[in-house]
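**Q** Residue numbers (the working numbering): 760 to 1210.
Cβ coordinates follow ideal geometry from the N, Cα and C atoms, glycine included.
From a predicted model like this one, the values you see are computed outputs, not experimental measurements.
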Ligand code: ARG
């Protein structure tokens, strides 16, 4: 019989089916570095407070530090009969240190322990994700520098709307990933707000713990003020999952654009061979599988958010074993979004933007709005009227493809002759200027015309 650390009052062993059903070591071994870290802070504090002998505290810290290295090197063999990472670590300490090992669990419960370890994991994960967002942003910035001046169709409703530059397009995604980084920063802050240690099972402990010192040593802002909330709160994990879901949404949108833009029908983006995959039957194929996977992985990331909310929604106070179900969702979402960010950064570095093709697919009618604005600025026509004039012009000139002198004069006198010279590049430039600079440019142009 494999005696459980909690098996003192048990007459019969756990059935193997139940062991298999209840174990979490197969996934929560990821918490080992955090469990060790918090155990070191806890043991030190127990020694300082005279709750356990100072010599035991020293031995515990030393052994935990050794174990930390062993975990880092992948040398530790986890035992699923010991349920979870917390009891595995305690069992290793007890095996190596005897009575001193048994003292580490003084004044704490796995309930406050797992909540603390999970917060530390989430904080670390959030920081790592923010860094990966920044790396993707660097790739996007490189692309903006290489191809920024290329003018391509901007779409609404996936219909060509107005010409835009690749730079403006890139900047849209930079803004999205800026917000994601802000959300990851906030997720870390939330996780590191309250340190649950000292809440014990749900109601605190009679041992004179120094909760402030432990919280400080682990990098938390303060000890969690309410012990019942401390052991059952997983809001911080939900917030991280929400940030992850949004980040994957942004990746998915970028991926979708690249799938469309790299199709033959659009074709102004090409993806490098190193980021496309072939077909086992069609020899000509170079498929944007990376983008499709980044798009498809939204399914599991959104699912994780929904899974955790569902686990939490009906929980009676305080800790319930349901909470063990918080971890796989978060681990999976963190790893999925992390890898997607990395893969999409590779993808973006492999983008070639084809200037000629972009010019070829760009329809002249996308200048309609710019021409209407030109009419307002040049001839003082009210915008609604300018809109109608240009709409007629678009209809009568085959979407502005065959614009004759006559058609222009008919549409509006100020559209005739040299004044109708708006090119795609100029249209983009006029809109690209901030308000004041644009006003100055308009004045200068008027002066030049009067001369
Ligand atoms: N493995 C458990 C979890 O992840 C640790 C806490 C167990 N607590 C308990 N009272 N059974 O939630």
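DSSP three-state label for residue 913, please.
**A** Strand at residue 913.
**Q** Nearest by alpha-carbon distance to residue 990: which of 876, 898, 826 is it?
**A** 876
**Q** Would you report the Cα separation of residue 1047 and residue 908, rounded to the nearest angstrom?
**A** 25 Å
**Q** State the beta-bridge partners of residue 954 as determined by DSSP.
**A** 982
**Q** To the nearest angstrom, how far is it from the Cα of residue 985 to the Cα of residue 958?
**A** 8 Å
**Q** Among 956, 903, 1101, whose alpha-carbon lies nearest the alpha-carbon of residue 1006?
**A** 1101
**Q** For residue 1177, is the classification buried or exposed, using 16 other Cβ atoms within 10 angstroms of its Cβ as the cut-off for buried?
**A** Note that residue 1177 scores 45 on pLDDT, short of 50, meaning its location in the model is unreliable; the coordinates nonetheless yield the value given after this. Exposed, because fewer than 16 other Cβ atoms sit within 10 Å of the Cβ of residue 1177.
**Q** What does the alpha-carbon distance come out to for the pair residue 856 and residue 1099?
**A** 43 Å
**Q** At the level of alpha carbons, what is the spacing between residue 1051 and residue 1022?
**A** 13 Å
**Q** Under three-state DSSP, which class holds residue 1167?
**A** helix
**Q** Please report how far the alpha carbon of residue 1109 lies from the alpha carbon of residue 1094, in whole angstroms.
**A** 23 Å
**Q** If we ignore side chains and look at the alpha-carbon of each, how far apart do residue 796 and residue 1076 end up?
**A** 28 Å
**Q** Looking at the structure shown, is residue 769 part of a helix, part of a strand, or coil, going by DSSP?
**A** coil
**Q** Per DSSP, what kind of secondary structure is residue 781 in: helix, strand or coil?
**A** helix
**Q** Heavy atom of ligand 1 less than 7 Å from the Cβ of residue 993, yes or no?
**A** no
**Q** Beta-carbon separation of residue 1167 and residue 1159 under 8 Å?
**A** Taking 8 Å as the Cβ cut-off, residue 1167 and residue 1159 do not qualify as a contacting pair.
**Q** Smallest Cα separation from residue 966: which of 1202, 865, 1128?
**A** 865
**Q** Please report the distance separating the alpha-carbon of residue 975 from that of residue 982.
**A** So the two alpha carbons sit approximately 9 Å from each other.
**Q** Please go through the same chain and pick out, in chain order, the residues whose beta-carbon is closer than 6 Å to the beta-carbon of residue 1018, but skip the five residues on each side of it.
**A** 1047, 1050
**Q** Consult DSSP for residue 1181 and reduce its assignment to one of helix, strand or coil.
**A** Three-state result, residue 1181: coil.
**Q** Evaluate the contact criterion for the region 1109-1118 versus the region 897-913: three or more CB pairs, one atom per stretch, below 8 Å.
**A** yes
**Q** Under the three-state reduction of DSSP, which class applies to residue 1046: helix, strand or coil?
**A** strand
**Q** Have a look at residue 1092 and residue 1059 and give me their C-alpha separation to the nearest angstrom.
**A** 7 Å
**Q** Count the other C-beta atoms from every protein chain shown that fall within 10 angstroms of the C-beta of residue 917, then say buried if there are 16 or more, exposed otherwise.
**A** exposed
**Q** Less than 7 Å between the CB of residue 769 and some heavy atom of ligand 1, yes or no?
**A** no
**Q** Less than 7 Å between C-beta atoms, sequence neighbours within five positions excluded: which residues of the same chain meet that for residue 1156?
**A** For residue 1156, where only same-chain residues beyond five positions count, the Cβ hits under 7 Å are 1162, 1166.
**Q** Please name the residue in 765, 901, 888, 884 whose C-alpha comes closest to that of residue 1105.
**A** 901
**Q** Helix, strand or coil for residue 1110 per DSSP?
**A** In the displayed model, residue 1110 falls within a strand according to three-state DSSP.
**Q** Taking DSSP's pairing of strands, which residues face residue 1083 in a bridge?
**A** Residue 1083 pairs with nothing; no bridge assigned.
**Q** In its own chain, which residues sit with a C-beta less than 7 Å from the C-beta of residue 760, not counting the 5 before and 5 after it?
**A** Because the pLDDT at residue 760 is just 46, under 50, the model does not fix this residue reliably, and the point stays unresolved.
**Q** I'd like the ranges of any alpha helix (DSSP H) spanning at least 4 consecutive residues and lying wholly in the region 772-827.
**A** 775-781, 784-787, 791-807
**Q** At a cut-off of 7 Å, is residue 838 close to ligand 1 when judged by its beta-carbon and the heavy atoms of the ligand?
**A** no
**Q** Please confirm whether any heavy atom of ligand 1 lies closer than 7 Å to the CB of residue 873.
**A** Answer for residue 873: yes, Cβ within range of ligand 1.
**Q** For residue 1028, does the three-state DSSP call read helix, strand or coil?
**A** DSSP places residue 1028 in the strand class (E or B) of the three-state scheme.
**Q** Are there 16 or more other CB atoms within 10 angstroms of the CB of residue 860, so buried, or fewer, so exposed?
**A** Burial state of residue 860 is buried, judged by a 10 Å Cβ sphere holding 16 or more other Cβ atoms.
**Q** Am I right that residue 996 and residue 1067 are in contact with their C-beta atoms under 8 Å? What's the rounded C-beta distance?
**A** 6 Å
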